[in-house]
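So the sequence shown is numbered by full-length UniProt numbering: it starts at 1 and just counts up by one.
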Amino acid sequence: MTDFSAEKVVWTSRVRDAYGTIVELQDEQGKASYYTVENEFDVAGASYAALRPEQDSSVEEPELFKIVQSSDGELELVTIEDDDEWENVSELYGELTFPE
């Protein structure tokens, strides 16, 4: 079982260091959207970023993405496809940002 516990989290800044605090993401149709990098962290051998849409201040929860390194060494933000992984990361991020 993968250990998604708050004690195992390492805060990082790879995306911010590489691209700054605002990143541009493109959807499947090539439409660009801009996001503020809220937080980045490593846990359970993987890296994640919490991004908040620049143009939509009504969004309460940030969007979570997995940070992967492409074959050419560039960092990429990808959608978390695995439902269990997304649930674990989402729950962990909630615990980290809103501790009881």
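All C-beta atoms in this analysis are idealised placements derived from N, C-alpha and C, irrespective of residue type, glycine included.
Would you identify the three-state DSSP class for K31, choosing helix, strand or coil?
coil
Return helix, strand or coil for D3, following the three-state DSSP convention.
coil
Assuming Y19 and L64 form a contact by the criterion Cβ under 8 angstroms, report the distance between their Cβ atoms to the nearest whole angstrom.
Their Cβ separation, rounded to whole angstroms, is 17 angstroms, which puts Y19 and L64 out of contact at 8 angstroms.
What residue from Q29, E7, E38 has the CA that sits closest to R14's CA?
E38
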